[in-house]
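When we follow my numbering, the leftmost residue of the sequence shown carries the number 2, and every step to the right adds one.
Beta carbons are placed, not taken as given, at the ideal position from N, Cα and C, and that holds for glycine.
These numbers come from a predicted model, not from an experiment.
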Amino acid sequence: MHAGRSKKYTGDIVNPRIARASTIVFDTIAELEHAVRYRHDGVPYYGRRGTTTTFAFAEAMAQLDNAAGCYVYPCGTAAITGALLSFLGNGDHLLVVDSVYEPTRYFCNQTLARMGVETTYYDPALGEDLDQLVQSNTKVIFLESPGSLSMEVQDLPAIVKVAQKHGIVTILDNTYATSWNFKPLDLGIDISLQSATKYICGHSDVMLGIACANEHCWDILQRNSYELAFCASVDDIYTALRGIRTLGVRLKQHQDNALSVARWLDGRSEVDHLRHPAFASCPGSEYYQRDVGGGNGLFSFVLKGGDDAAVAAMLDNMNLFKMGFSWGGFESLALYANNMPAKRSATVWDQPGPLVRLHIGLEDPQDLIDDLAAGLDRFIKALAR
Ligand SMILES: Cc1ncc(COP(=O)(O)O)c(C=O)c1O
């Protein structure tokens with residue numbers, strides 16, 4: 002509630018001011034030189050470095066993550082590319098979980114490959130056995146748990162153990178749990194990043210990213226990210242700062258609504274299994290129960306059978322669920338994700354039927370269940386044709 006709200010940011014009002022600026026002005030050479038010297042330590046210097054609005058948000062997020070510092074990016078994908086570029090160079094090797102967010106995979110396969118960085122994808126079920134894939138030039142392990150769309154949860158402490166043994170930097174995409182429900186740095190992860198576009202902002206109207214680093218990695222992360230010229234709009238940052246005030250209550254409501262919908266889906270004969278970290282049918286759910294303090298509104302399910310046309314009959318023109326690639330807002334979303342896990346390369350996606358991802362919003366869960374029930378009726382009718 003109070004992180005990032007010290008008087009230097011707020012003055013005599015409740016929230017930090019929106020300080021829009023390209024130019025920061027100084028009255029004396031001594032003041033200007035002071036800003037140059039301490040520009041990496043929160044002293045206003047030039048707009049690209051951020052203003053007091055940026056610093057208030059970064060301070061709040063670093064506090065939430067028990068981090069040495071937080072860098073703010075224009076979107077979550079920029080946090081991913083910025084963190085990877087900060088710790089990788091020509092000739093390095095990178096380990097990436099096979100269930101990773103698709104644009105992360107593209108970045109590794111294209112930009113990093115062009116730079117001479119070799120990527121090996123690994124099975125999300127690997128824990129300590131990941132040790133066998135470590136090479137003498139492995140510099141980074143990139144984790145995402147649960148994994149995008151397919152939702153496998155990773156044994157993070159086991160992987161941290163491997164990384165620490167070899168002095169490898171660990172970067173976790175923690176967009177799912179958020180730093181409200183899970184503090185990766187406490188577990189030994191070096192860098193925890195999030196697409197703040199999702200639950201941090203929470204209203205589907207802002208693109209933003211953050212990466213929080215421990216003492217060991219903060220200086221390298223912030224210097225490289227600044228050199229790469231990542232900077233975000235203070236209006237968006239202000240919106241994110243407001244978002245964190247309600248993050249806990251929103252997440253709890255998303256979680257409760259999602260559990261109601263998931264339990265109902267679990268009883269439907271058309272559904273093969275749920276990929277929701279609270280359900281044993283989700284690979285690695287035991288790790289989620291062990292390591293993470295709460296859930297949210299996002300989960301997937303696999304149908305017992307069906308084809309593209311039947312899924313379209315279910316999802317087209319639903320009443321409350323719209324289709325969209327994002328999640329974390331107040332509204333419910335559905336995504337037909339069948340062809341996406343197929344892009345994995347270390348593991349095979351061989352499920353009995355199509356994969357659908359739902360984001361359960363803050364609507365009345367019974368209204369959402371009614372919408373899904375009507376969709377499944379259309380699905381059954383389409384299959385019978
Ligand atoms: C797990 C995960 N990480 C990162 C991102 C990227 O975030 P952004 O859209 O803010 O670039 C997304 C977006 O969907 C995501 O789902």
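Take Phe331 and list the residues in its own chain whose beta-carbon comes closer than 8 Å to its own, dropping the five residues that flank it on each side. Here residue 331 refers to the residue found at position 330 of the sequence shown. For Phe331, where only same-chain residues beyond five positions count, the Cβ hits under 8 Å are Gly203, His204, Ser205, Arg251, Gly362 and Leu363.
Between Tyr102 and ligand 1, is the CB less than 7 Å from at least one heavy atom? Start at 1 with the first residue of the sequence shown, and residue 102 comes out as number 101. Within the cutoff, so yes.
Taking Cβ to Cβ, would you say Cys213 is nearer than 8 Å to Cys76? Here residue 213 corresponds to residue number 212 of the sequence shown, with the count starting at 1. Here residue 76 corresponds to residue number 75 of the sequence shown, with the count starting at 1. Contact: no.
Scan the segment 198 to 244 and note each continuous alpha helix (DSSP H) run of 4 residues or more that stays entirely inside, going in chain order. 216 to 228
Taking Tyr288 as part of the alpha helix (DSSP H), name the residues at either end of that continuous run. On the sequence shown, position 287 is the one that residue 288 refers to. Tyr288 -> alpha helix (DSSP H) spans Ser286 to Asp292.
Can you tell me whether Pro353 is buried or exposed? The criterion is at least 16 other CB atoms within 10 Å of its CB, across all chains shown. On the sequence shown, position 352 is the one that residue 353 refers to. Exposed, because fewer than 16 other Cβ atoms sit within 10 Å of the Cβ of Pro353.
From Leu229, Arg18 and His41, residue whose alpha carbon lies closest to that of Leu86: For the purposes of this step, residue 86 is taken as the residue at position 85 of the sequence shown. Looking at the Cα atoms, Leu229 is the closest of the given residues.
How big is the Cα-Cα spacing for Ala31 and Tyr46? Counting from 1 along the sequence shown, the entry for residue 31 is found at position 30. Counting from 1 along the sequence shown, the entry for residue 46 is found at position 45. In a straight line, the C-alpha of Ala31 is about 13 Å away from that of Tyr46.
Quick one, are the C-beta atoms of Leu113 and Thr120 less than 8 Å apart? Locating residue 113 in the sequence shown gives position 112, where the first residue counts as 1. Locating residue 120 in the sequence shown gives position 119, where the first residue counts as 1. Yes. Within cutoff.
Could you tell me which whole beta strand (DSSP E) segments of length 3 or greater appear in the segment 313 to 361? 334 to 337 and 356 to 360
Using alpha carbons as the reference points, say which of Ala84, Arg40, Ala241 and Trp219 lies closest to Ala61. Counting from 1 along the sequence shown, the entry for residue 61 is found at position 60. For Ala61, the nearest C-alpha among the options comes from Ala241.
Check whether Leu141 and Leu89 have beta carbons under 8 Å apart: Residue 141 sits at position 140 when you count from the first residue of the sequence shown. Residue 89 sits at position 88 when you count from the first residue of the sequence shown. The sequence shown places Val at residue 141, rather than the Leu named in the question. Cβ distance < 8 Å, so Val141 and Leu89 count as in contact.
If we count the other Cβ atoms within 10 Å of its Cβ and call it buried at 16 or more, is Ser100 buried or exposed? On the sequence shown, position 99 is the one that residue 100 refers to. Answer is buried; the Cβ neighbour count reaches 16.
In angstroms, rounded to a whole number, what distance separates the CA positions of Glu153 and Ala347? If you number the sequence shown from 1, residue 153 lands on position 152. If you number the sequence shown from 1, residue 347 lands on position 346. Cα to Cα, Glu153 sits roughly 14 Å from Ala347.
Which residues DSSP lists as bridging Gln195, in chain order: For this step, residue 195 is matched to residue 194 along the sequence shown. Answer is Ile211, bridged to Gln195.
In chain order, what residues of the same chain lie with their CB nearer than 8 Å to the CB of Val170, ignoring the 5 residues before and after it? The residue you call residue 170 lines up with position 169 of the sequence shown. Once the five neighbours on either side are set aside, the close Cβ partners of Val170 are Phe88, Lys140, Val141, Ile142, Ala164, Asp191, Ile192 and Cys218.
Please identify the residue among Leu209, Leu157, Glu129 and Tyr102 whose C-alpha is closest to the C-alpha of Ser149. Against the sequence shown, residue 149 aligns to sequence position 148. Per the Cα distances, Tyr102.
Got a sec? Which residues, its chain only, sit under 6 Å from Pro278 by beta carbon, not counting five neighbours each side? Residue 278 sits at position 277 when you count from the first residue of the sequence shown. The answer, listed in chain order, is Pro147, Val154, Ser286 and Tyr289.
Per DSSP, what are the beta-bridge partners of Asp174 in this structure? Counting from one through the sequence shown, the residue named residue 174 turns up at place 173. In the DSSP output, where bridge partners are listed per residue, Asp174 has Glu145 and Leu194.
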